[in-house]
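Numbering (my numbering), first residue to last: 5 to 405. We put the CB at the ideal spot given by N, CA and C, even for glycine. Each remark here refers to the structure printed beneath this line.
Below is the structure:
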């Protein structure tokens, strides 16, 4: 009994001390510390953040001290983010950024008007290479956004404290990966016609580097594009990429994932096209007076003439000419076909396993045909009726003969 009472008094004392500490120095809640320990993490382990706009989720990942890999610790709901899916382009467009950013201790703001906050560091080298402008793009509390990612105060308090503990233990900066949505084949297919699709596919490459390695990807910029896990950092964001090496095991793992995702995306695109065809409004044929002409094979045998049928008296206005009849028939025939829905261009086949990219062009020391054969087989299986299709399933397929 006395021991329990003493423990309760100690807990109350700790709680009182915590409530008296400035908000940016508040210790992590006991429940959070317990959750870290349960998953094999410590408060001091390095962190990494991943943001997904469409899902309105922010993930905190922790680096394991055992194998050096990052694993997801916790997912937080984003209270509000402003703008639409797509990157921030210019000051005042109220767009929340998308891309890869580094947050240092200097970007942490303990005196924020929105409880607590940290600056994403926009514009980064990629943004500047594209002349994108903006400032004070934050992750903060108060659930109010004008180009930022806004959290509830309790959430930003915990995220801020996790970052503070990691910085205090020696982490120099933490990476923020901000995506328009989870980089799945389904989401890419659904957004394939967006003006930002090329940018998003580039972000997906960075996502894939992280997913297959579970390590923070090294980010570089050259030729106005992101480069991931290059062995050298001597890049000029505006100039053509020099020769560079990517570890072979990473390149192979990424290529395998991209090939699998490519196959799934093509399947989703085909399903979307078929759905659009089914949902297209049915053609309505206009009533028309047509001249009957049966094929020779259907001619009525001699002696079996049908009974005479009364025909209304024709006038000059109601009697169609052969030319008029043919034109009307052509019109009706065309309307029997469902209008073709324009599909986005099929994504480029990603680099195959065995490809080591050095500079802007890929080299293939040991081509691996299995991935390409797998992709072709999947497309062939999906389009089993492609020998004589009524309507092309995808925009790039050949027309029916």
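Legend entry - Check whether residue 145 and residue 157 have beta carbons under 8 Å apart: yes
Inset, instruction - Count the CB pairs spanning the segment 70-89 and the segment 119-130 that are closer than 8 Å, and state whether there are at least three. - result: no
Inset, instruction - Give a yes or no on whether the C-beta atoms belonging to residue 409 and residue 250 are separated by under 8 Å. - result: Limits of the chain in this structure are 5 at one end and 405 at the other, which puts residue 409 out of reach.
Inset, instruction - Would you grab the beta carbon distance between residue 27 and residue 161 for me? Rounded to a whole angstrom, and I think it's under 8 Å. - result: 7 Å
Inset, instruction - Would you be able to state if there are at least three C-beta pairs under 8 Å between the segment 39-51 and the segment 180-199? - result: no
Inset, instruction - Excluding the 5 residues preceding and the 5 following residue 242 in the sequence, name in chain order all residues of the same chain whose CB lies nearer than 6 Å to its CB. - result: 133
Inset, instruction - With a floor of 4 residues, list each alpha helix (DSSP H) that falls wholly inside the segment 137-197, ordered by position along the chain. - result: 157-172 and 189-194
Legend entry - Any alpha helix (DSSP H) of 4 or more consecutive residues that is wholly inside the segment 60-142: 129-133
Legend entry - Proximity of residue 109 and residue 171 at Cβ, strictly below 8 Å: yes
Legend entry - CA nearest to the CA of residue 67, picked from 278, 267, 264 and 214: 214
Inset, instruction - Assign residue 24 to one of two classes, buried (16 or more other C-beta atoms within 10 Å of its C-beta) or exposed (fewer than that). - result: exposed
Legend entry - residue 32 versus 164, 56, 42 and 57, residue with shortest Cα-Cα distance: 164
Legend entry - Proximity below 8 Å, CB of residue 207 to CB of residue 103: yes
Inset, instruction - Figure out for me which residue from 263, 194, 218 and 183 has the closest Cα to the Cα of residue 203. - result: 183
Inset, instruction - Give a yes or no on whether the C-beta atoms belonging to residue 181 and residue 55 are separated by under 8 Å. - result: yes
Inset, instruction - Output the distance between the C-alpha atoms of residue 356 and residue 248, rounded to the nearest integer angstrom. - result: Residue placement at residue 356 is poorly supported in this model, since its pLDDT is 40, which falls under 50; the coordinates still yield a value, given next. Approximately 18 Å between the Cα atoms of the pair.
Inset, instruction - Would you check if the distance between the CB atom of residue 40 and the CB atom of residue 77 is smaller than 8 Å? - result: yes
Legend entry - Of the listed residues 176, 169, 271 and 260, nearest to residue 36 (C-alpha basis): 169
Legend entry - Backbone CA spacing between residue 229 and residue 150 [nearest angstrom]: 27 Å
Inset, instruction - Give the single residue among 57, 135, 75 and 116 whose Cα lies nearest to the Cα of residue 100. - result: 57
Inset, instruction - Return helix, strand or coil for residue 205, following the three-state DSSP convention. - result: helix
Inset, instruction - Flag residue 39 as yes when its Cβ comes closer than 7 Å to any non-hydrogen atom of the ligand ZN, and as no otherwise. - result: Of ligands this structure carries none, so the ligand ZN is not represented either.
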